[in-house]
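Q:
In my numbering, the protein residues as written are 8 to 134.
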């Protein structure tokens, strides 16, 4: 008799299924991070032309958007990398940089955008 009851409990045990748990965080900085990296890589072609002003606007704005997401996630240390990017690529007050240093800065900024976009997790607010 104990084997029958044992079999019944085993057969009546079902795997729990249903809707998955709600996420606790979102990577809201991923899209601006990847877009910023693409804009910076496109900037290699336009670095000496007048079209580079558009690159400066896009990079500066996307860096500031990432700063907002970093502040929301309370990961302040990313601001050490993002604020200089927003300042250096600022089209209003142009800092004249040229040569290999500027090309290296473009590449480093693109890597920064990708890493911050992937690593930054903004918690979901429950209301």
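C-beta: ideal position from N, C-alpha, C; glycine also.
Between which residues of its own chain and residue 98 is the CB-CB distance below 7 Å, once the five residues before and five after are set aside?
A: Contacts found: 60, 63, 64, 67.
Q: Just to confirm before moving on: does the CB-CB distance between residue 39 and residue 120 stay below 9 Å?
A: Cβ distance < 9 Å, so residue 39 and residue 120 count as in contact.
Q: Measuring CA to CA, which of 110, 82, 69 is closest to residue 55?
A: The candidate whose alpha carbon is nearest that of residue 55 is 110.
Q: When the distance is taken between beta carbons, is residue 124 closer than 9 Å to residue 36?
A: Contact flag set, yes.
Q: If distances are taken between C-alpha atoms only, which option among 130, 57, 113 comes closest to residue 48?
A: Among 130, 57, 113, the Cα nearest to that of residue 48 belongs to 113.
Q: Roughly how many angstroms separate the alpha carbons of residue 45 and residue 25, rounded to a whole number?
A: Those two C-alpha atoms are separated by around 39 Å.
Q: Under three-state DSSP, which class holds residue 33?
A: Correct three-state label for residue 33: strand.
Q: Quick one: is residue 161 buried, meaning 16 or more other Cβ sit within 10 Å of its Cβ, or exposed?
A: Examination of residue 161 is not possible in this model, given that the chain is present from 8 through 134 alone.
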